[in-house]
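For the record, the sequence lines run as chains C and H. Take the first sequence: its letters are residues 0 to 270, numbered as in numbering that gives the first Met the number 0. Take the second sequence: its letters are residues 0 to 298, numbered as in numbering that gives the first Met the number 0. Every residue, glycine too, gets a C-beta built ideally from N, C-alpha and C.
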Amino acid sequence: MTGEEATTRGWVNRALALNGWVVFLFLYAPIAVLVLFSFSADRNVGSWGGFSMEWYQRMLANDPLMRSLRNSLLVALLSTLVSTVLGTAAAIALERYRRWATRGVFDALLYLPVIIPDVTMAVMLLMWFTTIGWSLSLTTIVLSHIAFNISFVAIVVRARLANMDPSLEEAAADLYAGRWRTFRRVTLPVIMPGVLGGALLALTLSLDDVVVTSLVQGPGSTTLPVFVFGLIKRDVTPEINAVSTVMLAASMVLVMVSLGFQRRGDSERVR
Amino acid sequence: MTLLDEKATVEAVNPELEARSVRAEARRGLLHALPAYVYLIVFFALPLAIVFVFSFASRTSTGRPVLGGWNLDGYARLAEPVIRTIAGRSLWLAALNTAICLLIGYPFAYWIATRAKASTRNLLLVLVLIPFWSNFLVRTYAWRVLLDSDGPVTRVGEVTGLWGSMLFTQPAVFIGLLYGYLPFMVLPLYAAIERLDWSLVEAARDLYATRWEAFRKVTLPLSKPGVIAGSILVFIPSLGAYVTPDILGGAKTTLLGNYIVTQFTSGRNWPFGAALSFVILTAMLLATIAYFRSGAKTL
Chain C
0 MTGEEATTRG WVNRALALNG WVVFLFLYAP IAVLVLFSFS ADRNVGSWGG
50 FSMEWYQRML ANDPLMRSLR NSLLVALLST LVSTVLGTAA AIALERYRRW
100 ATRGVFDALL YLPVIIPDVT MAVMLLMWFT TIGWSLSLTT IVLSHIAFNI
150 SFVAIVVRAR LANMDPSLEE AAADLYAGRW RTFRRVTLPV IMPGVLGGAL
200 LALTLSLDDV VVTSLVQGPG STTLPVFVFG LIKRDVTPEI NAVSTVMLAA
250 SMVLVMVSLG FQRRGDSERV R
Chain H
0 MTLLDEKATV EAVNPELEAR SVRAEARRGL LHALPAYVYL IVFFALPLAI
50 VFVFSFASRT STGRPVLGGW NLDGYARLAE PVIRTIAGRS LWLAALNTAI
100 CLLIGYPFAY WIATRAKAST RNLLLVLVLI PFWSNFLVRT YAWRVLLDSD
150 GPVTRVGEVT GLWGSMLFTQ PAVFIGLLYG YLPFMVLPLY AAIERLDWSL
200 VEAARDLYAT RWEAFRKVTL PLSKPGVIAG SILVFIPSLG AYVTPDILGG
250 AKTTLLGNYI VTQFTSGRNW PFGAALSFVI LTAMLLATIA YFRSGAKTL
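Written out as structure tokens, the structure is:
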């Protein structure tokens, strides 16, 4: 290597590292400011008035907010449960069975909800529920969340199934295990990290959704993000900072749990 | 005798048994797919079709949509100048956001993927995953606080005299979109660069390619799947953005997403909203298919 080239290389590496740390600063500084101000006694968002837990106490005493939290958890759990079962079955159908009628149609249908924007998903479901005469409620929210979650679960589980060694299932079959036993004792344990990863993704997407929910919700069935969205549009208060901090903490727990599943899955594959 | 020959013999011996087992497999495949299949037809395919139907519907004097009195008014309104302005603004912001995300995200993903120690790579990756999984509304709200009239960013701008109050303007919406979707660009890029076969880059260097030539002719083409996936993941939600322009933008920064939702809430013009949604949906699907095709050909 010539001396000149070594200099260029050092310069490129320094620029890459600088870009890297600036991006991390860009990603984390806004969140850090938000969390910091949620503990500020000053009513004015953006100026520090000493440490206080006041906004967290107010948040807990806010009945409509707490009701929307309960709705959110209910919607997220129900939609995750259903979409995980349906999505996993769909992934098996596509990955383990190569030849069946309209397989290609199903494959395309399963991918569409991932690539269309939230807004279109929201208005089409609103039009559909109105056309078939269903009144909007928690039920329509759950049904809509399942509709966009199935695809995400299926994609995650499919990736896991594609990486699975098929000889494991063949070995089980050779040892006279029936289809159900092969699935229960061999396939399911191996793809479990994928299934749980897909379920966590579904849970996160459900807890994140604002657009679809705000169009298909009925009276009194608001979820937490939609409720907070309404608050933000009216005014910015330290109480919203407190709610936001709690939501961020919840997301972080989900990331850690999901990474835990992945790590467990990887170590199993090595074994 | 190889396995294949054995199979062929079995087939020859009992073709009907073989055919029956193929049919049974086909049945089982469909059976596994059936619950999700039916669900997606009822709660996705039919709603998609109803958008098309509603786009030709009419309205009562109070704005209630009526399935009947079919007309093309919804599509006729698409030619109005206000739509052209909003569509142009949305396309511009989405394209700009995709380009800037790629410009910042590529060197960023490359930097993480080329760290020597696996533990460093994993740690940096987790630091990207956290914002990726964090609540999108909350992350957008963080910028609402920063850009508020007495927020930290505005104060820095006042002190240095570099910028004024940005809240409710187009730059604020752009920052929100960039902040919101950057992790969506970085993750697929990282995945593509990390699994790259580095011996090919070394081979190019051995053949006297400069570092830049090796990057441009080997690394970049090999990481193209990541570039395509990341661009789609950023461009489509940016084009349909609703939360970001609603929180950080104002009346002059309405984007397609807000405009469509308005037709279904206060605007009360479902046929028009449906026509607009249908056109956007079709355009996006065609663009996505074309993008995938072009990528597949060169890879």
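query	result
Helix, strand or coil for residue 256 of chain C? Go by DSSP, reduced to three states.	helix
Which residues in chain C sit within 7 Å of residue 46 of chain H, going by Cβ to Cβ distance?	123, 124, 126 and 127
Can you give the Cα-Cα distance for residue 60 of chain H and residue 252 of chain H, rounded to whole angstroms?	30 Å
Of the residues C:54, C:91 and C:15, which one's Cα is nearest the Cα of residue 280 of chain C?	Residue coverage of chain C in this structure runs from 0 to 270, which leaves residue 280 of chain C outside it and unanswerable.
In the stretch 124 to 142 of chain H, which residues sit with their C-beta less than 9 Å from some C-beta in chain C, listed in chain order?	125, 126, 127, 128, 129, 130, 131, 132, 133, 134, 135, 136, 137, 138, 139, 140, 141 and 142
Does the distance from the CB of residue 64 of chain H to the CB of residue 269 of chain H come in under 8 Å?	yes
How should residue 9 of chain C be labelled, buried or exposed, when 16 other C-beta atoms within 10 angstroms of its C-beta is the threshold for buried?	exposed
Which residue or residues does DSSP assign as beta-bridge partners of residue 148 of chain H?	Paired residues: none, contrary to the question.
Going by other Cβ atoms of all chains shown within 10 Å of its Cβ, with 16 needed for buried, is residue 123 of chain C buried or exposed?	buried
Check the Cβ-Cβ distances between residue 116 of chain C and every residue of chain H, and say whether any is below 8 Å.	yes
In whole angstroms, what separates the C-alpha of residue 120 of chain H from that of residue 60 of chain C?	43 Å
Considering only the beta carbon of each residue, do residue 185 of chain H and residue 107 of chain H sit closer than 8 Å?	yes
Can you list, in chain order, the residues of its chain with a C-beta nearer than 6 Å to that of residue 169 of chain H? Leave out the 5 residues immediately preceding and following it.	252
Taking CB distances under 8 Å as the criterion, tell me whether residue 130 of chain C reaches chain H.	yes
Express the C-alpha separation of residue 86 of chain H and residue 110 of chain C in angstroms, rounding to a whole number.	26 Å
Figure out for me which residue from H:230, H:196 and H:171 has the closest Cα to the Cα of residue 182 of chain H.	H:230
Determine the chain C residues that contact residue 235 of chain H at a beta-carbon separation under 9 Å, and present them in chain order.	114, 115 and 116
Would you grab the beta carbon distance between residue 148 of chain C and residue 250 of chain C for me? Rounded to a whole angstrom, and I think it's under 8 Å.	That belief does not hold up - the Cβ atoms of residue 148 of chain C and residue 250 of chain C are roughly 17 Å apart, past 8 Å.
For residue 91 of chain H, I'd like the list of residues in its chain whose CB is within less than 6 Å of its CB, leaving aside the five on either flank, ordered along the chain.	none
Using 8 Å as the cut-off, can you tell me whether the stretch 203 to 216 of chain H makes contact with the stretch 42 to 58 of chain C, which would need three or more C-beta pairs spanning the two stretches below that distance?	no
With 8 Å set as the bound, which would you pick, yes or no: does the beta-carbon of residue 269 of chain H sit closer than that to a beta-carbon of chain C?	yes
With a threshold of 16 other CB atoms inside 10 Å of the CB of residue 297 of chain H, please say whether the residue is buried or exposed.	The predicted position of residue 297 of chain H is uncertain, since its pLDDT is 42 and thus under 50; a value taken from the coordinates is nonetheless stated next. Classification of residue 297 of chain H: exposed, given that the 10 Å Cβ count is below 16.
Excluding the five sequence neighbours on either side, which residues of its own chain have a C-beta within less than 7 Å of the C-beta of residue 210 of chain C, listed in chain order?	117, 118 and 121
Report the partner residues of residue 58 of chain H according to the DSSP bridge assignment.	H:64
Shorter than 8 Å from the beta carbon of residue 19 of chain H to some beta carbon of chain C?	no
Less than 8 Å between the CB atoms is what I'm expecting for residue 242 of chain C and residue 144 of chain H, so what's the real figure, rounded?	About 13 Å; that fails the 8 Å criterion.
Which residue or residues does DSSP assign as beta-bridge partners of residue 213 of chain C?	For residue 213 of chain C, which the question treats as bridged, DSSP gives no partner whatsoever.
Answer with yes or no whether the minimum CB distance from residue 149 of chain H to chain C is below 8 Å.	yes
How many whole angstroms separate the CB atoms of residue 260 of chain C and residue 192 of chain C, which I take to be in contact at a CB cut-off of 8 Å?	5 Å
Assign residue 54 of chain C to one of two classes, buried (16 or more other C-beta atoms within 10 Å of its C-beta) or exposed (fewer than that).	buried
Short of 6 Å in beta carbon distance, which residues of its chain neighbour residue 50 of chain H, apart from the five on each side in sequence? Order them along the chain.	273, 276 and 277
Taking Cβ positions only, does residue 50 of chain H come closer than 8 Å to chain C?	yes
Kindly list, in the order they appear in chain C, the residues whose Cβ is closer than 9 Å to that of residue 210 of chain H.	4, 7, 8 and 11
Taking the Cβ atom as the reference point for each residue, do residue 151 of chain C and residue 200 of chain C lie within a distance shorter than 8 Å?	yes
Strictly below 7 Å CB to CB, what residues from chain H border residue 46 of chain C?	149
Given a threshold of 16 other Cβ atoms within 10 Å of its Cβ, counted over all protein chains shown, does residue 69 of chain H qualify as buried or as exposed?	exposed
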